[in-house]
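These protein sequence lines map, in sequence, to chains A and F. Numbering (our numbering) for the first sequence: 1207 to 1320. Numbering (our numbering) for the second sequence: 23 to 135.
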Amino acid sequence: DAGVIQSPRHEVTEMGQEVTLRCKPISGHDYLFWYRQTMMRGLELLIYFNNNVPIDDSGMPEDRFSAKMPNASFSTLKIQPSEPRDSAVYFCASSAGREWAPLHFGNGTRLTVT
Amino acid sequence: GEDVEQSLFLSVREGDSSVINCTYTDSSSTYLYWYKQEPGAGLQLLTYIFSNMDMKQDQRLTVLLNKKDKHLSLRIADTQTGDSAIYFCAERYSGAGSYQLTFGKGTKLSVIP
């Protein structure tokens, strides 16, 4: 089991540029989550999907953020245009569809917007 | 709404026991989790406990749950330098479609050799 795979590991971009973060969940998991981690706010849930369908996107900060899951093995989180306050570590996690099932996290993408 | 609180820092000597505490507010929480995060890595699941249990032990880890006080603790016996990390408590509350977890801000454990 390769675990949840995220790319890139690090992203440095200039303010105003588009950023795309990628995630491959664990095979067979039907829930996928995007979290953002900062020192000030800790871990924040941005959005989660069930069977490729967005269920709750109330944590998405603004319209500049969008997420898609075109199939069961791939998801993207896009920020357009990016701003310095978007700098954070973005984690993708997946879980199997059972009530007790824990989340399995990727190693994250560290985003720096200058 | 649900909220999870943890102290931010804990320092212990190698070989001693560590106890990391967590309080939560949602009385309908069904499952509670402990995750470990090492520098530059994602969150790694350590253990979890059902809300109808009082205790769970797994090798050096002991989880205690006091539902009345909404208090969860993680005890690490014989703490090693490799245990230095940030430890997150998380709860899953019952409710329609509640497959997401709410995390505390994490407790940074420093182990002194």
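From the three backbone atoms N, C-alpha and C, an ideal C-beta is built for every residue, glycine too.
- Look at arginine 1304(A) here: in three-state DSSP terms it is coil, with no helix or strand label.
- Shown here, arginine 1270(A) sits in coil according to DSSP, grouped into three states, outside any helix or strand.
- In terms of Cβ geometry, tyrosine 109(F) and lysine 58(F) form a close pair [threshold 9 Å].
- Of the other Cβ atoms in all chains shown, 16 or more fall within 10 Å of the Cβ of aspartate 1292(A); this residue is therefore buried.
- Between phenylalanine 125(F) and tryptophan 1306(A), the C-beta spacing is not below 9 Å.
- Excluding the 5 residues flanking it on each side, serine 1281(A) has same chain C-beta neighbours closer than 6 Å at Cys1229, Leu1238 and Met1275, in chain order.
- DSSP links glycine 1248(A) through a beta bridge to Thr1244(A).
- In this structure the region 97-106 of chain F lies against the region 30-43 of chain F, because at least three pairs of beta carbons, one per stretch, are closer than 8 Å.
- Across the structure, glutamate 1268(A) and serine 1288(A) are spaced so that their CA atoms are roughly 11 Å apart.
- Cβ contact annotation for leucine 67(F) (same chain, cutoff 7 Å, sequence separation greater than five): Tyr55 and Tyr57, in chain order.
- Below 8 Å, too few C-beta pairs join the region 23-37 of chain F and the region 72-82 of chain F to call them touching: fewer than three.
- Histidine 1235(A): not part of any beta strand (DSSP E); DSSP gives it neither H nor E.
- Judged by their CB atoms, leucine 83(F) and alanine 63(F) are not nearer to each other than the 9 Å cut-off.
- The alpha-carbon separation between arginine 35(F) and leucine 86(F) amounts to approximately 22 Å.
- Its chain contains Tyr1241 and Gln1243 as the residues whose beta carbon lies nearer than 7 Å to that of leucine 1249(A), once the 5 sequence neighbours on both sides are disregarded; these appear in chain order.
- Put simply, the backbone Cα of threonine 101(F) is about 25 Å away from that of glutamate 113(F).
- The residue among Thr1318(A), Arg1270(A), Leu1317(A) and Ala1302(A) with its C-alpha nearest the C-alpha of phenylalanine 1311(A) is Ala1302(A).
- Put simply, the CB of proline 1308(A) is near chain F, with a gap under 9 Å to one of its CB atoms.
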